[in-house]
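In our numbering, the protein residues as written are 42 to 206. Heads up, the beta-carbon is just placed ideally off N, CA and C, and yes, glycines get one too. Predicted model, so just to flag it, every value in this text is computed and none were measured. Written out below as structure tokens is the structure these notes cover.
What follows is the structure, given as structure tokens:
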């Protein structure tokens, strides 16, 4: 602590973090409805096979946020939209996914810190970061994405992006 504000640290997620990540995800789901469809196995949902990397935000020694960076898949809306807009291959993108911050930890820039870390990793891989945001996801829509990665797809309801990211 410096001025009484707890320090937030972003680091690679490891297997020992999964239970706490699932707890935070459950809080987010209860309050915000993200993910739209609660996964049968939330720990597995956070460790999808297409994952390049994932990170957690820690505050006061507890996980308060999470983000992943994944390879694009055939059903991902954002890489396809980016490809249509730019003429670049969807394979040149990395999908920012599984981004959530505990409702009790919001308002401290944690989502922006997580986003900056994932964007940096995508660029180090020479990939363009993209993400889908549900139009109903007011928490995600309120973040200043334009500074980090473009929101290239907004879904109004339960499309693939609603359950995946």
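Please list, in chain order, all residues of the same chain as residue 83 whose beta carbon is under 7 Å from its beta carbon, the five residues on each side excluded. Its chain contains 63, 66 as the residues whose beta carbon lies nearer than 7 Å to that of residue 83, once the 5 sequence neighbours on both sides are disregarded; these appear in chain order.
Any contact between the segment 157–166 and the segment 112–129? By contact I mean 3 or more CB pairs, one from each, below 8 Å. The segment 157–166, when compared against the segment 112–129, does not touch it at the 8 Å Cβ threshold.
Just how far apart, CA to CA, sit residue 79 and residue 167? Cα to Cα, residue 79 sits roughly 33 Å from residue 167.
For residue 147, which option in 92, 99, 174 has the closest C-alpha, if you only look at C-alpha atoms? Closest in alpha carbon position to residue 147, among 92, 99, 174, is 99.
What would DSSP say about residue 110, mapped onto helix, strand or coil? In the three-state reduction of the DSSP assignment, residue 110 falls in the strand class, which pools E and B.
So, at 6 Å on beta carbons, what are the nonlocal neighbours of residue 50 in its own chain, with the 5 sequence-adjacent residues on each side left out? Counting only Cβ-Cβ distances below 6 Å, and skipping sequence neighbours, we find 99.
Out of curiosity, what's the CA-to-CA distance linking residue 68 and residue 161? Cα-Cα distance, rounded: 28 Å.
Going by alpha carbons, who is nearest to residue 56 out of 85, 75, 74, 71? Comparing C-alpha distances from residue 56 to each of 85, 75, 74, 71 shows the shortest one belongs to 85.
If I'm right that residue 94 touches residue 110 with Cβ under 8 Å, what's the distance once you round it to whole angstroms? Correct: roughly 5 Å between the Cβ atoms.
Please classify residue 77: does DSSP put it in a helix, a strand, or coil? Here residue 77 carries a coil assignment [DSSP, helix/strand/coil].
Helix, strand or coil at residue 149 [DSSP, three-state]: The answer is coil: DSSP assigns residue 149 none of H, G, I, E or B.
Rounded to a whole number of angstroms, what is the C-alpha to C-alpha distance between residue 76 and residue 92? Near 17 Å, if we compare the C-alpha coordinates of residue 92 and residue 76.
Residue 139 vs residue 96 beta-carbon contact at 8 Å: Cβ atoms of residue 139 and residue 96: not closer than 8 Å.
Strand pairing of residue 99, partner residues [DSSP]: 50, 104.
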